[in-house]
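To keep things clear, I will list the structure first and then write my remarks on it.
There are 2 protein chains.
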Amino acid sequence: MQALLERLRAIVGAPHVLTGGDLTAWEQDWRRRERGRALAVVRPASTQEVAAVVRACAAAGSSIVPQGGNTGLVVGSTPDGSGTQVVLGTTRMAAIRAIDADNLTVTVEAGCILQNLQDAAEKAGFLFPLSLAAEGSCTIGGNLGTNAGGTQVVRYGNARELCLGLEVVTPQGEVWDGLSGLRKDNTGYDLRALFIGSEGTLGIITAATMKLYPLPAAQLTAWAAVPSLDAAVALLGLAHRHLGAGLTGFEVMNRFALGLVARHMPQLRVPFVERDDFPYCVLLENSDSESEEHARARFEALLETALEAGCVADAVVAESLGQARELWHVRENIPLAQAEEGLNIKHDISLPVSRIPAFCAETDALLAQEIAGVRLVNFGHLGDGNLHYNVQAPEQGDPKEFLRTQEARINHLVYEAVARFGGSFSAEHGVGGLKVDELAHYKPPAALAMMRAIKRALDPQNTMNPGRVL
Amino acid sequence: MQALLERLRAIVGAPHVLTGGDLTAWEQDWRRRERGRALAVVRPASTQEVAAVVRACAAAGSSIVPQGGNTGLVVGSTPDGSGTQVVLGTTRMAAIRAIDADNLTVTVEAGCILQNLQDAAEKAGFLFPLSLAAEGSCTIGGNLGTNAGGTQVVRYGNARELCLGLEVVTPQGEVWDGLSGLRKDNTGYDLRALFIGSEGTLGIITAATMKLYPLPAAQLTAWAAVPSLDAAVALLGLAHRHLGAGLTGFEVMNRFALGLVARHMPQLRVPFVERDDFPYCVLLENSDSESEEHARARFEALLETALEAGCVADAVVAESLGQARELWHVRENIPLAQAEEGLNIKHDISLPVSRIPAFCAETDALLAQEIAGVRLVNFGHLGDGNLHYNVQAPEQGDPKEFLRTQEARINHLVYEAVARFGGSFSAEHGVGGLKVDELAHYKPPAALAMMRAIKRALDPQNTMNPGRVL
């Protein structure tokens, strides 16, 4: 081990091989569910250094845990407790290598903070549409490793759909230069898509070429109270028809979730929260390539149609950027309001949009029947069929005790229901270390066998983030 | 072999195991470049029958060539000359299993003709946007196996981007049910993307869940003469800004290509063909979720700006659906006009859009210098960086002799230039049997090694379309 550390210091420089001091930021996961112990945290500054680090670790038989901003929610980017794994942090590789305006692409290094990439794109007159809560600290490498989703997937897709090419260091320490600004390239298997979402188990993404979009001329936000989830789904259909690709956000939130925001963030105005004639609200975003006036007219036509059709009970369109931001803050603060309220159990599930109303009706009832005092914080990206279907500990009783005794059972009830409705137990957060058992249980055996065969084929020594995903 | 044939007859029924008579339609490739010989053509009617056929072939050590409409352009779906391969035709599996309107998805069997899928979607009030010349006879299974592109990729992406889930029979004859209407599902490796574009070398796609879109309220087509390729690229940037996601088509055609259409299809009116002040024309399509009036206003604003900026010399917007169709016919008839003119050498290349003007300037000059009398038919999907950069045999001399002596050399010159400019030697047609050497030569060794490892891992007996792609 000492020899390996010496070798790593020679590659990246002694100051960038951390072995002592407080390594909490690298060893503990974002939600503080687990704390591992690393042999060292190594912070290379270039692709060649990453490759050399990988070769050194492979030669020493040490495994590697790639890490970006360490904001993952499923314990996928922290070391295990063995004290033998090397955490490879990418944040020193943060350059935006090039923006190609005519090709609508940007080539960026893995350690670049998502928000910095958004800002650089905007400065050049473009939109980089990936947007999620952790954008101030997560990295584009982590976004790609986990195929991050977020709030604009309904229009722009997940991280995978935004990526045209990758640079990867393989488990053998070779560099695959697959950076490409090509929108069509049918020369063999899609390795790009395979690495995206593989959570560091097949190699290390060191850079990527990502799509850019023209900045919209206007972006408007609306907030609608809906009489049911069926109505929310009907509103989504209307929004697709009326706005086309202008529909860039479609979020749903149940009343209990909004009540928590109103209670714990009294400075935020939550529209319609005082009314008791609606179970859900929807936040809609309309991005327009023409003008704010046009965006508003289209939005108003949509909401009028929806009011007439009965799928909206009441609605407001934000009058200013400030108002729009406040509406988004309400949505974004639900997780924080949940935390203020106390302990809770999180799920990140997806379903066919058409099956969401029946799923919620059945599963809400099931949980209410099985778990005394259950409180559901149900919100998410309805446009993508993605719900954060969370369970708050009951108002009475000891929440820690509740979690200890009920978490496994609640997870089981929810995931079994998800499977019955043809859904996924992990929509955008991934598998990491936390959902390995669920993957083994819910994935069809034929798919699992193929994934394991691919892992063995590309990483026969099992040195890349072992124990995660598979 | 007799025992295998008996087994196959028992599985699919004797009338669906073809061994005698004229098997040209299955044994010869679309462009009639190669004629193979099959042990039998087997036409299963269900996924379970496909699985049984695969198991029978695997047990007998016979390899399988999956085939849809057999319209591929790179000899990927026809048997070799050994007489030992089984062609597995999917066209009896053509059902549209379900349309899920609220989820904007359709689940369809592999053998469904693309046009039938487009029609079924439209009948249900939706758009299925994949569109290409062979749509009247190609199948969705073939489209997915080859990751088909076509004319609307600039807005909707390739076949891969339109697919949410697959049903696949593995080389071991197991059925993987990965059909899913989920827009977010981060549970392990993206097997879907891996099978799409693998050209039948990893397994057989038997069904798929595909995305649907709302039908646009209006679709308009414009035709612009541009003073240069640089101007065409500038026009593309303006179109992205003005039309946003309304831009659903952006095709470029050089004057020589248009001249061939005018000469060989005198019934078609080719705008501006009599003028000699432009080297290229562009065909633009604008799909609008609002109205024809709005689409026209946006189109006119774009073209006015482009005229002022000097990147358009002259332009017309089609006044009727009939006019629009005629403009598209001009574009679509270029390959036929080429064939009427005589023998030619086809390339299907892609480049970063920004590098296309320099690539063409350099490569046009190189070919003119190296190949006496060379005539370039340059057209394609500029919005995706995809050119069909074709070489017509010289007006004088024997065209067969030209092809025999010059084809390899011209391919080499073009593909080397493509590589220098960071492009791909196969944008949308795939590798098949025709471009195996190019793949081995131009793909980075690290990528090639990973592809081969994946092929070995998933198809260790090498029974799935051997000799194709890798």
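Keeping their order, the protein sequence lines are chains A and B.
In this text, residue positions in the first sequence follow my numbering: the first is 335, and each later residue adds one.
In this text, residue positions in the second sequence follow my numbering: the first is 335, and each later residue adds one.
For every residue, glycine included, the Cβ atom is placed at its ideal position computed from N, Cα and C.
If you drop the 5 nearest sequence neighbours on each side, which residues of the same chain put their C-beta closer than 8 Å to that of residue i?
i         : result
A:Ala-394 : Met-335, Ala-337, Leu-338 and Arg-341
B:Leu-572 : Leu-636, Thr-639, Ala-640, Ala-643 and Cys-645
A:His-576 : Arg-632, Ala-635, Leu-636 and Thr-639
B:His-574 : Leu-581
B:Ser-688 : Val-567
B:Gly-515 : Asp-434, Asn-437, Thr-439, Thr-441, Leu-498, Gly-499 and Thr-543
A:Val-488 : Leu-581, Thr-582, Gly-583, Phe-584, His-715, Gly-717 and Asp-718
Would you tell me roughly how many angstroms separate the C-alpha atoms of residue i and residue j, rounded to the nearest one?
i         : j         : result
B:His-598 : B:Asn-712 : 17 Å
A:Glu-750 : A:Asn-724 : 15 Å
A:Val-375 : A:Ile-474 : 19 Å
B:Ala-742 : B:Ala-783 : 26 Å
A:Val-560 : B:Ala-435 : 20 Å
A:Gln-486 : A:Ile-538 : 26 Å
A:Ala-591 : A:Ala-706 : 19 Å
B:Asn-796 : B:Arg-790 : 7 Å
A:Leu-792 : B:Gly-522 : 15 Å
A:Asn-520 : B:Gly-531 : 7 Å
B:Ile-345 : B:Arg-371 : 22 Å
A:Val-503 : A:Thr-381 : 8 Å
A:Leu-536 : A:Pro-505 : 7 Å
Beta-carbon of residue i versus every beta-carbon of chain B: anything under 8 Å?
i         : result
A:Ala-780 : yes
A:Gly-578 : yes
A:Arg-743 : no
A:Arg-389 : no
A:Pro-686 : yes
A:Leu-438 : yes
A:Val-567 : yes
A:Asn-720 : yes
A:Ile-530 : yes
A:Gly-571 : yes
Taking only beta-carbon positions, decide if residue i is within less than 8 Å of chain D.
i         : result
B:Thr-504 : Absence of chain D from the displayed structure is noted, the protein chains being A and B.
Is there a C-beta anywhere in chain A that falls below 8 Å from the one on residue i?
i         : result
B:Met-427 : no
B:Arg-575 : yes
B:Asn-678 : no
B:Asn-481 : yes
B:Pro-548 : yes
B:Asp-453 : no
B:Met-784 : yes
B:Asp-287 : This structure cannot speak to residue 287 of chain B, because chain B is shown only from 335 to 804.
B:Ala-432 : no
B:Ala-527 : yes
Per the DSSP calculation, residue i is bridged to which residue(s)?
i         : result
B:Arg-709 : B:Gln-726
A:Leu-625 : Here the sequence assigns Ser to residue 625 of chain A, which means Leu is not the residue at that position. Note: A:Ser-625 sits in no beta bridge, so no partner.
B:Ile-668 : DSSP lists no partner for B:Ile-668.
A:Cys-615 : A:Ala-559 and A:Met-587
B:Gln-449 : DSSP, once it has assigned bridges, lists no residue as partnering B:Gln-449.
B:Lys-545 : B:Thr-439
A:Thr-473 : A:Ile-447
B:Trp-510 : B:Val-502
Please work out which residues of its chain come closer than 7 Å, Cβ to Cβ, to residue i, disregarding the five sequence neighbours upstream and downstream, and give them in chain order.
i         : result
A:Arg-526 : Cys-497, Gly-499, Leu-500 and Gly-512
B:Gly-459 : Leu-549
B:His-628 : Asp-622
B:Leu-407 : Trp-364, Arg-365 and His-763
A:Arg-494 : Asn-481, Ala-527, Ile-530 and Gly-531
Skipping 5 residues on each side, what residues in its chain have a beta carbon closer than 6 Å to that of residue i?
i         : result
B:Ile-744 : Ile-679 and Val-725
A:Val-276 : In the structure as shown, chain A begins at 335 and stops at 804. Residue 276 of chain A is therefore absent and cannot be evaluated.
A:Ser-471 : Gly-403 and Thr-405
B:Arg-431 : Thr-441
inquiry  = At a CB distance below 9 Å, what residues from the segment 752-774 of chain A approach chain B? Give them in sequence order.
reply    = Gly-756, Gly-757, Ser-758, Phe-759, Ser-760, Ala-761, Glu-762, His-763, Gly-764, Val-765, Lys-769, Glu-772 and Leu-773
ask   = Going along the chain, which residues of the segment 638-669 of chain A sit with their C-beta nearer than 7 Å to a C-beta in chain B?
value = Across the segment 638-669 of chain A, no CB contact with chain B closer than 7 Å is found for any residue.
Proximal residues, the segment 493-521 of chain A versus chain B, C-beta separation under 9 Å = Arg-494, Glu-495, Val-502, Thr-504, Gln-506, Glu-508, Val-509, Trp-510, Asp-511, Gly-512, Leu-513, Ser-514, Gly-515, Leu-516, Arg-517, Lys-518, Asp-519, Asn-520 and Thr-521
key: Positions along the segment 609-623 of chain A whose CB lies within less than 7 Å of some CB in chain B   = Ser-623
query = Between the segment 460-472 of chain A and chain B, which residues of the former have a C-beta closer than 7 Å to a C-beta of the latter?
reply = none
ask   = According to a CB-to-CB cut-off of less than 7 Å, which residues of the segment 788-803 of chain A neighbour chain B?
value = Ile-788, Arg-790, Ala-791, Leu-792 and Val-803
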